[in-house]
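Engineer:
There are 2 protein chains.
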Amino acid sequence: MPVLPEPAATVEKVDTSYLETLMGYNARRAALRVIDLFSRRMAVYELRPVDFSVLSLIGHNPGITSRQLCSALNILPPNLVGKISSMEKRALLARKPHPQDRRAVGLHLTELGIELMSDAERIALDLESEATSRLSAAEKKTLMRLLQKIYL
Amino acid sequence: MPVLPEPAATVEKVDTSYLETLMGYNARRAALRVIDLFSRRMAVYELRPVDFSVLSLIGHNPGITSRQLCSALNILPPNLVGKISSMEKRALLARKPHPQDRRAVGLHLTELGIELMSDAERIALDLESEATSRLSAAEKKTLMRLLQKIYL
DNA sequence: TATTGTTATACTCTATAACTATA
DNA sequence: TATAGTTATAGAGTATAACAATA
Chain A
61 MPVLPEPAAT
71 VEKVDTSYLE
81 TLMGYNARRA
91 ALRVIDLFSR
101 RMAVYELRPV
111 DFSVLSLIGH
121 NPGITSRQLC
131 SALNILPPNL
141 VGKISSMEKR
151 ALLARKPHPQ
161 DRRAVGLHLT
171 ELGIELMSDA
181 ERIALDLESE
191 ATSRLSAAEK
201 KTLMRLLQKI
211 YL
Chain B
61 MPVLPEPAAT
71 VEKVDTSYLE
81 TLMGYNARRA
91 ALRVIDLFSR
101 RMAVYELRPV
111 DFSVLSLIGH
121 NPGITSRQLC
131 SALNILPPNL
141 VGKISSMEKR
151 ALLARKPHPQ
161 DRRAVGLHLT
171 ELGIELMSDA
181 ERIALDLESE
191 ATSRLSAAEK
201 KTLMRLLQKI
211 YL
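Just so you know, the sequences run in chain order A and B. Residue numbering for the first sequence follows the working numbering, starting at 61 and increasing by one per position. Residue numbering for the second sequence follows the working numbering, starting at 61 and increasing by one per position.
Laid out in C-alpha cells, this is it:
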C-alpha cells in the first residue's frame with residue numbers, strides 16, 4: 061500500500077458559508093451591488109448616490125435646510141457643504157434666505173434641477189428593477205420592509 | 061376678510077417616502093447601520109469589517125491566496141496588500157509558500173489569530189442579534205435569503 | 001502571453017475641531 | 001448658551017497604471 065503524501069493546504073473552492081450567516085456581510089454586499097450599478101448608470105448625470113438623495117429630498121421638500129438634510133440622510137454637515145455648493149454652481153439648486161431663521165438657508169430645486177431629477181428618477185426606477193430582477197414583486201416589498209426595520 | 065400672507069416655504073417634517081421606495085437607499089441605510097455597530101464593537105480588536113471578513117475566510121479556508129480573497133470579497137489586490145502585511149505584523153496570520161504555484165502565497169491563521177477570531181465571531185453574533193432585534197427569526201432568515209438573491 | 005503579488009499614486013468618503021453669525 | 005452653516009484637515013476607502021517573478 062502506497063503512502064499518500066501529506067496533502068498540501070490549497071483551496072479549491074472558497075467557502076464563504078460562515079460570512080453568509082452574518083446580516084452585516086449580506087447587507088453590505090447587496091448594497092454595494094445596487095450602488096455600483098447606480099453609480100455607473102448615473103455617471104452621465106454626474107450624480108453620486110448621496111447627491112441623488114440630496115436633490116430628491118430637496119425636490120420633495122422645498123425649503124429644506126442643510127441641517128434637516130443631514131439628519132434625514134445621516135451625513136455630517138461639513139461633508140454636505142461641498143455637495144451643495146457644487147450643485148448650486150451647476151444651477152441644479154438655489155439657496156434662499158430662511159423666512160424665520162436668518163442663520164439658516166432654504167434649499168430649492170431650479171427648473172434645470174427639476175428636469176434633471178425627472179430624468180434621474182426614471183433611470184433610478186429602471187436600474188432598481190434590473191438590480192432586483194431575481195426578486196418577485198412581493199419579495200421586493202418584503203425586502204424593503206425588513207431593511208427598514210433595521211435602520212428606521 | 062384678512063389677506064393671509066403668502067406662506068413661507070419651510071419644512072416641518074422631512075418627507076423621505078420617495079427614497080424609501082428605492083432598494084439602493086434602503087440597502088445602503090441598513091448596511092451602514094449594521095456596519096457602524098460592527099465597527100464600534102470591534103474597535104477593541106482593531107478589526108474593521110473587511111479585516112474581519114479576510115481573517116474569517118482565511119480561518120475557514122487555510123491556504124487561501126490573496127487572489128482568491130479578492131475575488132470572494134470583491135476587493136482589489138492593491139487594497140488587500142496593506143491589510144495582509146499589517147495583520148502579519150500583528151502576528152494574526154502567516155504567509156506560507158504555495159505548494160503548486162511559486163508566484164502565489166498561502167495564507168493561514170496563527171494561534172493568536174485563531175484565538176482572536178474566536179472572540180470576534182462571538183462578538184459578531186451578539187452585535188448581529190442586537191442590530192436585528194426588531195426582526196423575528198423567520199424574518200432574519202428571509203432577509204438574508206433575499207439579500208443574497210441580489211448580490212450572489 | 002497571462003497571472004500573482006506588489007508599489008506608487010490619485011481620488012473619494014468620512015470624521016473632528018474650530019470658527020462666524022445668528023437664536 | 002445653543003444652533004446653522006462653514007472652513008480646514010486628517011484618515012480611511014477605493015481606483016488605475018505599471019512593474020517583477022513565475023506560469
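Backbone N, C-alpha and C define an ideal beta-carbon position, used for all residues, glycine too. Keep in mind that this is a model prediction, so the values were computed, not measured.
Just confirm the distance between the C-beta atoms of Met-83 of chain A and Met-204 of chain B, as a whole number of angstroms; I'd bet it's less than 8 Å.
Structural biologist: For the purposes of this step, residue 83 of chain A is identified with residue 23 of the first sequence, where counting begins at 1. For the purposes of this step, residue 204 of chain B is identified with residue 144 of the second sequence, where counting begins at 1. With 8 Å as the limit, Met-83 of chain A and Met-204 of chain B qualify as a contact, their Cβ atoms being about 7 Å apart.
Engineer: Please identify, using Cβ separations under 8 Å, the residues of the region 111-125 of chain B that lie next to chain A, in order along the chain.
Structural biologist: Ser-113, Ser-116, Leu-117, His-120, Asn-121, Pro-122, Gly-123, Ile-124, Thr-125
Engineer: Looking only at its own chain, which residues have a Cβ that is under 8 Å from the Cβ of Leu-79 of chain B, when we skip the five neighbours before and after it?
Structural biologist: Indexing the second sequence from 1 puts residue 79 of chain B at position 19. Cβ neighbours of Leu-79 of chain B within its own chain (closer than 8 Å, five residues either side excluded): Tyr-85.
Engineer: Hey, quick one: how far does the alpha helix (DSSP H) through Arg-206 of chain A stretch, first residue to last?
Structural biologist: For the purposes of this step, residue 206 of chain A is taken as the residue at position 146 of the first sequence. Note that residue 206 of chain A corresponds to Leu in the displayed sequence, not to Arg. Unbroken alpha helix (DSSP H) run through Leu-206 of chain A: 197-211.
Engineer: Between the region 68-86 of chain A and chain B, which residues of the former have CB atoms less than 7 Å from a CB of the latter, in chain order?
Structural biologist: Under the 7 Å Cβ criterion, the region 68-86 of chain A contributes Ala-68, Ala-69, Thr-70, Val-71, Val-74, Asp-75, Thr-76, Tyr-78, Leu-79, Glu-80, Leu-82, Met-83, Gly-84, Tyr-85, Asn-86.
Engineer: Any idea if Asn-134 of chain B is buried or exposed, counting beta-carbon neighbours within 10 angstroms, 16 or more meaning buried?
Structural biologist: Position 74 of the second sequence, counted from the first residue, corresponds to residue 134 of chain B. Exposed, because fewer than 16 other Cβ atoms sit within 10 Å of the Cβ of Asn-134 of chain B.
Engineer: Could you name the residues of the same chain whose beta carbon sits closer than 7 Å to that of Ala-180 of chain A, not counting the 5 residues immediately before and after it, in chain order?
Structural biologist: Position 120 of the first sequence, counted from the first residue, corresponds to residue 180 of chain A. Counting only Cβ-Cβ distances below 7 Å, and skipping sequence neighbours, we find Met-102, Tyr-105, Leu-107, Phe-112.
Engineer: Can you give the Cα-Cα distance for Leu-167 of chain A and Lys-156 of chain A, rounded to whole angstroms?
Structural biologist: Counting from one through the first sequence, the residue named residue 167 of chain A turns up at place 107. Counting from one through the first sequence, the residue named residue 156 of chain A turns up at place 96. Answer to the nearest angstrom: the Cα atoms are 6 Å apart.
Engineer: With DSSP run on the structure shown, which of helix, strand or coil describes Asp-75 of chain B?
Structural biologist: Residue mapping note: residue 75 of chain B aligns to position 15 of the second sequence, counting from 1. When DSSP states are grouped into helix, strand and coil, Asp-75 of chain B belongs to the coil group.
Engineer: In angstroms with no decimal places, state the Cα-to-Cα distance between Gln-160 of chain A and Glu-190 of chain A.
Structural biologist: For the purposes of this step, residue 160 of chain A is taken as the residue at position 100 of the first sequence. For the purposes of this step, residue 190 of chain A is taken as the residue at position 130 of the first sequence. Using only the alpha carbons, I get a separation of about 44 Å.
Engineer: Nearest CA to the CA of Gly-123 of chain B: which residue from B:His-158, B:Leu-176, B:Ser-116, B:Leu-140?
Structural biologist: One-based indexing of the second sequence puts residue 123 of chain B at position 63. Among B:His-158, B:Leu-176, B:Ser-116, B:Leu-140, the Cα nearest to that of Gly-123 of chain B belongs to B:His-158.
Engineer: On the premise that Leu-97 of chain A lies in contact with Leu-187 of chain A, defined as a C-beta separation below 8 Å, what is that separation, rounded to the nearest angstrom?
Structural biologist: One-based indexing of the first sequence puts residue 187 of chain A at position 127. One-based indexing of the first sequence puts residue 97 of chain A at position 37. Right, their Cβ atoms sit about 5 Å apart.
Engineer: Going by DSSP, what residue range makes up the beta strand (DSSP E) through Pro-235 of chain B?
Structural biologist: In the structure as shown, chain B begins at 61 and stops at 212. Residue 235 of chain B is therefore absent and cannot be evaluated.
Engineer: Who are the near neighbours of Ala-151 of chain A in its chain, counting only those whose CB is closer than 7 Å to its CB and skipping five residues on each side?
Structural biologist: Taking the first sequence and counting its residues from 1, one reaches residue 151 of chain A at position 91. Once the five neighbours on either side are set aside, the close Cβ partners of Ala-151 of chain A are Thr-170, Leu-172.
Engineer: For Ala-154 of chain A, which residues of its own chain have a beta-carbon under 6 Å away from its beta-carbon, when the five flanking residues on both sides are left out?
Structural biologist: Walking along the first sequence from the start, residue 154 of chain A turns up at place 94. Excluding positions up to five away in sequence, the list reads His-168, Thr-170.
Engineer: At a CB-CB cut-off below 8 Å, which residues of chain A make contact with Val-94 of chain B?
Structural biologist: The residue labelled residue 94 of chain B in the question sits at position 34 within the second sequence. Ordered by position in chain A, the residues that pass the 8 Å Cβ test against Val-94 of chain B are Met-83, Gly-84, Ala-87, Arg-88, Ile-210.
Engineer: Using a Cβ cut-off of 9 Å, pull out every chain A residue sitting near Thr-170 of chain B, in sequence order please.
Structural biologist: Counting from 1 along the second sequence, the entry for residue 170 of chain B is found at position 110. Neighbours of Thr-170 of chain B on chain A: none; closest Cβ ~14 Å, over 9 Å.
Engineer: Work out the CA separation of Ser-193 of chain A and Ser-252 of chain B for me, nearest whole Å.
Structural biologist: Nothing about residue 252 of chain B can be read from this structure; chain B reaches only from 61 to 212.
Engineer: Answer yes or no: does any C-beta atom of chain B fall closer than 8 Å to that of Glu-188 of chain A?
Structural biologist: Residue 188 of chain A sits at position 128 when you count from the first residue of the first sequence. With 8 Å as the cut-off, Glu-188 of chain A counts as an interface residue toward chain B.
Engineer: If you count every other CB in all the chains shown that lies within 10 Å of the CB of Ile-138 of chain B, and 16 or more means buried, which is it?
Structural biologist: By one-based count along the second sequence, residue 138 of chain B stands at place 78. Looking at the sequence itself, residue 138 of chain B is Pro, so the reference to Ile does not match. A residue is called buried when at least 16 other Cβ atoms come within 10 angstroms of its Cβ; Pro-138 of chain B does not meet this threshold and is exposed.
Engineer: With a 10 Å radius around its C-beta and 16 neighbouring C-beta atoms as the bar for buried, classify Ala-198 of chain B as buried or exposed.
Structural biologist: Reading the second sequence from its first residue, position 138 is the one you call residue 198 of chain B. When all chains shown are included, Ala-198 of chain B counts as exposed.
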